[in-house]
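Engineer: I'd like to ask you about the structure that follows.
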Amino acid sequence: MERGVVFIGSIDIFVKKLIRSLIEKKPVKDVLEWAISYSLWPVHLMTSCCGVELAGAYSPRYDLERYGSLPFVSPRQTNLIIIEGTLTLKMAKVARITWEQMADPKFVIAMGACAIDGGLFWNSYNIVRANEIMPVDVYIPGCPPRPEALARAILMLQDKIRSSGVSREDLEILRRYVKSQTR
Amino acid sequence: MSQVSIKDPDLNNLLNILNEELKDLATKIYIDKTERVVYIEVAKEKILDLAKKMLHLGFDHVKSVSAVDYPQEKKIELMIHVGSYLRVIRKYTIIIRSMLERDNPRVSSLTSVWPSAEFHERETWEMFGVYFEGHPDLRRLLLPEELEGKWPMRKDFRIATRKAGEAEAPWK
Amino acid sequence: MSGSQDITQELAQEMFRVVETGVKEEGERLIELQIGPTHPGSGHMRILAWVDGDIIVRCDPDIGFVHRTIEKLSENRAYIKTIPLVERPSLLDTTPMTIGYVNALEKLMGIEVPPRARYLRTILAEITRIASHFYGIGILAIFLGHSTGFMWAFGDREVMIELATMLTGARITYAYVIPGGVRRDMPQNFPDAVEKGLRYIEKRLKEWEKIFLNNPVVERRLRDVGILKPNIARMLGVTGPNIRASGIDYDVRMIEPYEAYDEIDFMIPVAEEGDAYARGLIRFKEIEQSINIIRQAVKKIPEGEIISPQISRLFNPLMKKIYAEQKRVKLPSLMATLKPPKGEAMARVEAGRGEALFHIISDGSTNPYRFRFVTPSFRNVILFKYLIPGHRIADLPAIYGSLDYFPPEADR
């Protein structure tokens, strides 16, 4: 009698199960989070006057592109939205529509005193607070905050992604994608 | 018209010409102590003829159209800053004032005389409720449509108070 | 003082006719484009453009996205709390706005400013004017796709911001100008640092000529595009470098000199063509003139007090000690409940983008009764409606960038 190894079941299902378990394992999850944290691309939405310091942060003196973030034009292909400054009623509608179009996982940074709690214009009839419109991850105080503060906020966001990880829903999306490709 | 002595000879000439040309249109002409601003008060029916005369004298653009609200006297005062690009008179600013009724403020639009007043009149319409008859395109300029209440710059506009944590935007 | 009434009436009718025929042909051929806020070439506003093929027949600016109601807020606050409010609309050149508001307040109360404070205000105003023009040049460059120009402009702007930080302690929003004078004196090494910074900027301007002004692609995109004729500019009430590029030399610093401008010699650059290239070129020439003004002011600045005696006699002994040792003003709490006499006052200044107007009406209480505030960008909005129709879509970023329109300034 020949000695040999017998596979029970088919190769297809075995590979599928292997991939599914690898995605949940630590090495791949680490690579996933590392990739997301070094490609935080903000969308080109200037909400208010802190936009001047945002433009200054991407200038040669405080270059933020070395952390991997590049302002990009389309909301469908970016994963970060920076709310700089005051949100008026008209602009809040636009910001919400832009936020809903972005792909998961997405992050929000609220920059400036006006985005936190109204700032200098706290009793005006035309403004809303940023956390009434979308869930915020990082707050930066200042009026306007220095570009170094914005760099520190991006670093804090990177730490937050790598320590607490991406959510279960995003893994579910990735799993469904793999399932549809290896049919 | 004024008893104090004016040190600027150009201003003297200007005041003489204004007094002569506008004597049956304006109710009162006076200056302020910096000698750079001339105030003209006029009734609201004659404002278009006054504007045509001013354009003929060389004042060719409007710097600002706005209003002041006096709720106790039930009046809204229209305030128009006018200037000129011509060399001799470019250092003087003329302020034209006119009183309107607070319940129904209507006045004829000045865009046929000064086209630069178009966007200023739109802002005065949405902030105070002053209707300019003959304006080519009178609609909102700065305010959103979702704002509750009308005429925000009047003194009796109430801002809806909001408590922290309550959703304000209808699309939350 | 002859009027040109008939000519302006004809021009007005001609312009209204251009806009009206575009509307009448509405139907199958016209498409409405919304160039909205989430766009790299639009800023904080929405541009509605009706196009027939490739040519824009009608354009409507949809502004109000940054309307922060400064005029209404100032009616509920004390006079001195409006100084930071007035800075925020035009965040690039903040000093001329505060100078204008404080000038109107000083005219109302009759306060005299000592000469050293006037020179310090002038120096800071010209530093922020150079920073603001570099921002305008950077935005024009990025709209044309010239990303080197964008990076260079923002890098050179940092030199000026460093100088302002040395003088006042903040990067952009200083609140340095208070009624009666300024808040701090200049440090000992300030004149040397200013000279080094200005020499660096002069060297850089020669490089800018090579890569931007003599660049064949930039010339092809900007020459003869968006021509603004002088009589139309007069009729529409345009201000700032936009009208100086059309041949009319209107600059409030020469007409109604405020602060130390009547003791300094400078020129006003004027161009004749009125196209987008001239508007960009005027900004470079104005930077050279500002360098000239700063050098003269730093050399001629007199010694003396930095705050008017009418305010410093209200100091208590601790404030007097701080003022004598550190030359720094700590405001008495009386300023928070300042009550000017009943009346009104008006002031005009020349900001980086044009002429700004401030009118305060007071009724004797601690808050102003009415504060009217017109910024130069609000007066230039009308150019969107009347200058853009007739051009192709590809020219829209070039014209927008050359106008140097800043939406938070227009919405206030």
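Chains as they are written, first to last, in our numbering: chain A, 1 to 183; chain B, 1001 to 1172; chain C, 2001 to 2412.
By construction, the Cβ of each residue, glycine as well, lies at the ideal position given by its N, Cα and C atoms.
Just so you know, these numbers come straight off a predicted model, no measurement behind them.
Could you please give the first and the last residue of the uninterrupted alpha helix (DSSP H) stretch that includes Ser-74(A)?
Structural biologist: It is not in any alpha helix (DSSP H) - Ser-74(A) carries neither H nor E in the DSSP assignment.
Engineer: Among Leu-1086(B), Asp-1060(B), His-1081(B), Arg-1097(B), which has the Cα closest to the Cα of Lys-1075(B)?
Structural biologist: Minimum Cα distance to Lys-1075(B) is reached at Arg-1097(B).
Engineer: Quick one: is Ala-2356(C) buried, meaning 16 or more other Cβ sit within 10 Å of its Cβ, or exposed?
Structural biologist: So Ala-2356(C) ends up on the buried side.
Engineer: Compile a chain-ordered list of the residues in the segment 123-140 of chain A whose CB is closer than 9 angstroms to at least one CB of chain B.
Structural biologist: Cβ contacts with chain B: Asn-123, Ser-124, Tyr-125, Asn-126, Val-128, Arg-129, Glu-132, Ile-133.
Engineer: Helix, strand or coil, according to DSSP, for Pro-2061(C) in the structure here?
Structural biologist: Pro-2061(C): strand per DSSP, three-state reduction.
Engineer: Are the beta-carbon atoms belonging to Gly-2043(C) and Pro-2407(C) less than 8 angstroms from one another?
Structural biologist: In contact: Gly-2043(C) and Pro-2407(C) (Cβ atoms closer than 8 angstroms).
Engineer: Given that a residue counts as buried once 16 or more other Cβ atoms are within 10 Å of its Cβ, and exposed if not, what is Ile-2123(C)?
Structural biologist: Buried.
Engineer: Could you spell out where the alpha helix (DSSP H) holding Thr-1093(B) opens and where it closes?
Structural biologist: It is not in any alpha helix (DSSP H) - Thr-1093(B) instead sits in the beta strand (DSSP E) that spans 1093-1101.
Engineer: Tell me the rounded alpha-carbon separation between Glu-1126(B) and Thr-86(A).
Structural biologist: Taking the straight line joining both Cα atoms gives about 22 angstroms.
Engineer: In this structure, what does DSSP give as the bridge partners for Gln-2034(C)?
Structural biologist: Leu-2048(C).
Engineer: Examine chain A for any beta-carbon lying closer than 8 angstroms to the beta-carbon of Tyr-2079(C), and answer yes or no.
Structural biologist: With 8 angstroms as the cut-off, Tyr-2079(C) does not count as an interface residue toward chain A.
Engineer: Quick one: list the residues of chain B neighbouring Met-2045(C), beta-carbon separation under 8 angstroms, in chain order.
Structural biologist: None at all; the shortest Cβ gap to chain B is about 11 angstroms.
Engineer: Identify every run of the alpha helix (DSSP H) within the segment 2227-2268 of chain C, keeping only runs that are complete inside it and at least 4 residues long; order them along the chain.
Structural biologist: For the segment 2227-2268 of chain C, whole alpha helix (DSSP H) runs of length 4 or above, ordered along the chain, are 2230-2236, 2241-2244, 2252-2255.
Engineer: Give the interface partners of Asp-2411(C) over in chain B, defined as CB-CB distance under 7 angstroms, in chain order.
Structural biologist: Leu-1142, listed in chain order.
Engineer: So what does DSSP say about Ile-2287(C), is it helix, strand or coil?
Structural biologist: In the structure shown, Ile-2287(C) sits in a helix (DSSP, three-state: H, G or I).
Engineer: Which residues of chain B have a Cβ atom closer than 7 angstroms to the Cβ of Arg-2234(C), listed in chain order?
Structural biologist: Chain B residues near Arg-2234(C): Asp-1060, His-1061, Tyr-1085.
Engineer: State the CB to CB distance for the pair Gly-119(A) and Pro-144(A), rounded to an integer number of angstroms; the pair is presumed to be in contact (CB under 8 angstroms).
Structural biologist: Contact doesn't hold; Cβ gap of about 10 angstroms is too wide.
Engineer: When you compare only the Cα positions, how much space is there between Pro-2191(C) and Ile-2227(C)?
Structural biologist: Each residue's Cα considered, the two are about 41 angstroms apart.
Engineer: Take the Cβ of Val-1088(B) as the centre, count every other Cβ of all protein chains shown within 10 Å, and call the residue buried at 16 or more, exposed below.
Structural biologist: Flag for Val-1088(B) reads exposed.
Engineer: Using a cut-off of 8 angstroms between C-beta atoms, extract the partners of Phe-1119(B) located in chain C.
Structural biologist: Those within 8 angstroms of Phe-1119(B) in chain C are Phe-2378, Val-2381, Ile-2382.
Engineer: For a test of the three-state rule: what should DSSP assign to Gly-2022(C), helix, strand or coil?
Structural biologist: In this prediction, Gly-2022(C) scores a pLDDT of 45, lower than 50, which makes its location untrustworthy; the coordinate-derived value is nonetheless stated afterwards. Three-state DSSP puts Gly-2022(C) in a helix.
Engineer: Closer than 9 angstroms by beta-carbon distance: list the chain A residues that pair up with Leu-1147(B), in chain order.
Structural biologist: Ordered by position in chain A, the residues that pass the 9 angstroms Cβ test against Leu-1147(B) are Leu-89, Tyr-125, Asn-126.
Engineer: Using a 10 Å radius around the Cβ and a threshold of 16 neighbouring Cβ atoms, would you call Phe-14(A) buried or exposed?
Structural biologist: Phe-14(A) comes out exposed.
Engineer: Specify whether the segment 2329-2339 of chain C and the segment 1060-1076 of chain B touch according to this definition: at least 3 beta carbon pairs, one from each stretch, less than 8 angstroms apart.
Structural biologist: No contact exists between the segment 2329-2339 of chain C and the segment 1060-1076 of chain B.
Engineer: Identify the contact partners of Arg-1122(B) in chain C, using a Cβ-Cβ distance below 8 angstroms as the criterion.
Structural biologist: In chain order: nothing, as chain C lies at least about 10 angstroms away.
Engineer: Please name the residue or residues paired with Arg-2328(C) in a DSSP beta bridge.
Structural biologist: For Arg-2328(C), which the question treats as bridged, DSSP gives the partners Arg-2184(C).
Engineer: Within 10 Å of its beta-carbon, does Gly-2304(C) have 16 or more other beta-carbons around it, so buried, or fewer, so exposed?
Structural biologist: Looking at its Cβ environment, which holds fewer than 16 other Cβ atoms inside 10 Å, Gly-2304(C) is exposed.
Engineer: In this structure, how does DSSP classify Lys-1172(B) when only helix, strand and coil are distinguished?
Structural biologist: Caution is warranted here: a pLDDT of 41 is assigned to Lys-1172(B), below 50, making its placement in the model unreliable, and the coordinate value is therefore given only provisionally. Here Lys-1172(B) sits in coil by DSSP.
Engineer: Going along the chain, which unbroken runs of the alpha helix (DSSP H) with 4 or more residues stay wholly within the segment 2072-2117 of chain C?
Structural biologist: Taking only runs of at least 4 residues, the alpha helix (DSSP H) segments lying wholly in the segment 2072-2117 of chain C are 2082-2087, 2095-2109.
Engineer: Along chain A, which residues have their Cβ under 9 angstroms away from the Cβ of Pro-1152(B)?
Structural biologist: Under the 9 angstroms cutoff, chain A gives Tyr-125, Asn-126.
Engineer: According to the Cβ coordinates, are Arg-1122(B) and Leu-1147(B) closer than 8 angstroms?
Structural biologist: The answer is no: Cβ separation not under 8 angstroms.
Engineer: Determine, for Glu-2259(C), whether the minimum Cβ-Cβ distance to residues of chain B falls below 8 angstroms.
Structural biologist: False, the Cβ-Cβ gap to chain B never drops below 8 angstroms.
Engineer: Please name the residue in Ile-127(A), Trp-122(A), Ala-95(A), Arg-66(A) whose C-alpha comes closest to that of Leu-80(A).
Structural biologist: Closest option to Leu-80(A), Cα to Cα, is Ala-95(A).
Engineer: Determine, using beta carbons only, whether Ile-184(A) and Ile-161(A) come nearer to each other than 8 angstroms.
Structural biologist: No information on residue 184(A) is available, as it lies outside the stretch 1 to 183 that chain A covers here.
Engineer: So, under 8 angstroms CB-CB, Leu-1050(B) and Leu-1015(B) are touching, yes? Tell me the CB distance rounded to an integer number of Å.
Structural biologist: The Cβ separation is near 16 angstroms, so there is no contact.
Engineer: Give a single yes or no on whether Thr-2148(C) has its beta carbon closer than 7 angstroms to a heavy atom of the ligand ADP.
Structural biologist: Questions concerning the ligand ADP fall outside what the structure shown contains, since it holds no ligand whatsoever.
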